[in-house]
Amino acid sequence: DQQVKQNSPSLSVQEGRISILNCDYTNSMFDYFLWYKKYPAEGPTFLISISSIKDKNEDGRFTVFLNKSAKHLSLHIVPSQPGDSAVYFCAASEGNFNKFYFGSGTKLNVKP
Amino acid sequence: DTGVSQNPRHKITKRGQNVTFRCDPISEHNRLYWYRQTLGQGPEFLTYFQNEAQLEKSRLLSDRFSAERPKGSFSTLEIQRTEQGDSAMYLCASSTPSQSQHFGDGTRLSIL
């Protein structure tokens, strides 16, 4: 019963272009969403989050969009840089932060 | 470095043996989480502590798994009578109530 899904296992983008990573969820009780970045042999690193009371949150080159009616969120990276190449996980919580559900990840490759 | 520390980084053991992993969270974080990650998947929630109290436990955590956080600081995760299916990366994360989780680099368990 995977409640958070990332249907694209990989994405390849040219340096300088926009990267769009997608995530879908099934549990309407989720009200807090996060994106993590993971390099090989390291633990995930927090990137950006959004509460369900918002539909957009921006931090530098990273923007997360939330569409509650579609139960969909996306992470936009613009402009993409080679150092952004990593696995990106989306995660969701019911707001009490007791338990987080993660997607299976999307491996982003930014080509120079 | 004051991040989340996990030891050992890699554990190789024979099937049927017991193993114990340790996690040292960021010192001011009262919340501590354990996750398991297998190849191609995102982290799966195992259990959560607030201070020394274990408040949430996944059904993934069978009777062979036990976690403790005796003084509300470091935590241990023990797996008894290990099985092939226990081979995975075990991740620990910590946070304050209003922050996102900070992950350690994990302990990779390999069952021979």
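Protein sequences, first through last, are from chains A and B. Here the first sequence stands for residues 1 to 112, where the numbers follow our numbering. Here the second sequence stands for residues 1001 to 1112, where the numbers follow our numbering. We treat Cβ as the ideally placed atom computed from N, Cα and C, and that holds for glycine.
- Nearest CB-CB separation between residue 101 of chain A and chain B: below the 8 Å threshold.
- DSSP places residue 87 of chain A in the uninterrupted beta strand (DSSP E) bounded by 86-93.
- Residue 14 of chain A sits in a strand when the DSSP states are folded into three classes.
- Residue 1006 of chain B carries a strand assignment under DSSP once its states are collapsed to helix, strand and coil.
- CA-to-CA, the gap between residue 1068 of chain B and residue 53 of chain A works out to about 35 Å.
- For the set B/1029, B/1014, B/1019, B/1071, the Cα lying nearest the Cα of residue 1103 of chain B is the one of B/1029.
- If you check the CB distance, residue 103 of chain A and residue 5 of chain A come in under 8 Å.
- Listed along chain B are 1105, each with a C-beta nearer than 7 Å to that of residue 42 of chain A.
- Residues of chain B with a Cβ closer than 7 Å to the Cβ of residue 98 of chain A are, in chain order, 1048, 1055, 1056.
- DSSP places residue 1110 of chain B in the uninterrupted beta strand (DSSP E) bounded by 1107-1111.
- Shortest Cα-Cα distance from residue 34 of chain A to any of A/24, A/40, A/16 involves A/24.
- The beta-carbon of residue 75 of chain A is placed no less than 8 Å from the nearest beta-carbon of chain B.
- Taking 3 residues as the minimum length, the beta strand (DSSP E) runs contained wholly in the segment 1052-1103 of chain B are 1053-1057, 1065-1068, 1075-1079, 1088-1095, in order along the chain.
- The bridge partners DSSP lists for residue 1020 of chain B are B/1078.
- By the Cβ-count criterion, residue 18 of chain A is exposed, with fewer than 16 other Cβ atoms from all chains shown falling within 10 Å of its own Cβ.
- Against residue 46 of chain A, the close residues of chain B are 1099, 1100, 1101, 1102, 1103, in the order they occur along the chain (beta-carbon pairs closer than 9 Å).
- In this structure the segment 87-103 of chain A does not touch the segment 1077-1085 of chain B; the number of beta carbon pairs closer than 8 Å is below three.
- Residue environment analysis places residue 1111 of chain B among the buried positions, since at least 16 neighbouring C-beta atoms fall within 10 angstroms of its C-beta.
- Counting every other CB atom within 10 Å of its CB across the protein chains shown gives residue 1086 of chain B a total of 16 or more, marking it as buried.
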